[in-house]
Amino acid sequence: MQALKMLGNRMDQQAQIQVASAAASAVATTAAANAATDANTATAAPFIRAGDPEAVTLWIQVLEKAFALLMCTEAEKVVLATYQLQGIASTWWRATQGVIFLEGVVLEWNAFVEVFNNKYFFDSARELKMVEFQRLHQGSMTVDQYEVKFAELLQYALEKVENPVNRAKRFRDGLRPKVRSPLVPLNLKNYNDLYEWAQLVERDQNE
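Going by the working numbering, the sequence shown opens with residue 2, and the numbers climb by one from there.
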């Protein structure tokens with residue numbers, strides 16, 4: 002009887018191992034599929050010419066997400082991005098490439114993004130986004146929703162809040178008075194700390 006019991010226990014353990022192995026395999030397969038999807042999105046995101054400046058930002062974001070997944074080098078990022086340029090955009094790049102990246106100069110993603118934005122993200126659109134950032138308030142949004150919008154618009158006003166302390170203060174000043182008031186005495190100067198405290202205050206007030 003003891004031998005049968007031991008055999009039964011061993012079979013149970015083997016079954017559990019098989020289930021765990023199958024689950025791990027399924028997770029790995031899903032992760033690989035998601036990775037492939039992101040990579041395919043990056044390599045299937047042609048840019049011809051955008052009439053909507055926000056489409057420029059979205060295109061860059063899609064590429065950067067895939068670059069992080071694929072762990073691309075700076076040079077690979079530029080090569081993959083410029084491969085997606087078509088039509089007028091491709092013609093522009095062929096005429097501009099030698100000016101930005103002189104022979105022997107290492108390709109840098111940030112340098113490409115800067116010149117690309119200067120070409121396709123018009124000054125008027127950038128100014129509108131900057132004004133939108135300066136006027137941004139939480140209003141009826143949750144703290145999390147406000148933070149997402151804040152981060153989205155932040156890229157258009159970095160020169161205004163380049164100092165981390167000023168960035169945190171701007172985030173705090175845009176919060177609803179009900180959320181902001183308990184935070185003012187804390188005098189938090191770190192953006193992430195301020196965001197976490199705002200979440201806690203909101204959660205406490207909603208309970």
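Even for Gly, the Cβ is constructed at its ideal location relative to N, Cα and C. Quick caveat: nothing in here was measured; it's all calculated off a predicted structure.
Residue i at chain B interface by Cβ criterion, 8 Å
i       : result
Asn-188 : The displayed structure is made up of one protein chain only, and chain B is not part of it.
Through-space distance from residue j to residue i, alpha-carbon basis
i       : j       : result
Val-80  : Phe-172 : 36 Å
Asn-191 : Thr-92  : 44 Å
Val-116 : Leu-189 : 36 Å
Gln-206 : Gln-200 : 10 Å
Leu-218 : Thr-97  : Not covered by the structure: residue 218. The range shown for the chain is 2 to 208.
Phe-134 : Leu-195 : 18 Å
Cys-73  : Val-57  : 21 Å
Asn-118 : Glu-208 : 45 Å
Glu-197 : Leu-187 : 13 Å
Arg-136 : Gly-105 : 44 Å
Val-63  : Gln-156 : 16 Å
Gln-184 : Lys-161 : First, the residue type needs correcting, since residue 184 is Leu and not Gln in the sequence shown. Looking at the two C-alpha atoms, the distance is approximately 22 Å.
Ser-182 : Asn-164 : 23 Å
Met-142 : Asn-193 : 18 Å
Assumed close pair residue i, residue j - CB separation to whole angstroms, cut-off 8 Å
i       : j       : result
Lys-170 : Leu-154 : Actually they are not in contact, since the Cβ atoms of Lys-170 and Leu-154 sit about 16 Å apart, beyond 8 Å.
Val-144 : Val-180 : 7 Å
Val-177 : Gln-139 : A small fix is needed here, since residue 177 is Arg in this sequence, not Val. Between Gln-139 and Arg-177 the Cβ distance is about 5 Å, and since that is below 8 Å, they are a contact.
Gln-87  : Phe-48  : 7 Å
Glu-75  : Val-107 : 7 Å
Identified DSSP bridge partners for residue i
i      : result
Leu-86 : Phe-48
Status (buried if at least 16 other CB within 10 Å, exposed otherwise) for residue i
i       : result
Ile-61  : buried
Ala-158 : buried
Val-202 : buried
Tyr-147 : buried
Ala-69  : exposed
Ala-152 : exposed
DSSP state of residue i mapped onto helix, strand, coil
i       : result
Arg-177 : coil
Gly-140 : coil
Gln-98  : helix
Ala-199 : helix
Met-72  : coil
Pro-186 : helix
Glu-55  : helix
Lys-161 : coil
Glu-153 : helix
Leu-103 : coil
Leu-108 : coil
Glu-148 : helix
Glu-208 : coil
Asn-193 : helix
Phe-123 : coil
Residue i Cβ short of 7 Å to the ligand MG heavy atom set
i      : result
Lys-78 : Absence of the ligand MG is noted for the structure shown, with no ligands found whatsoever.
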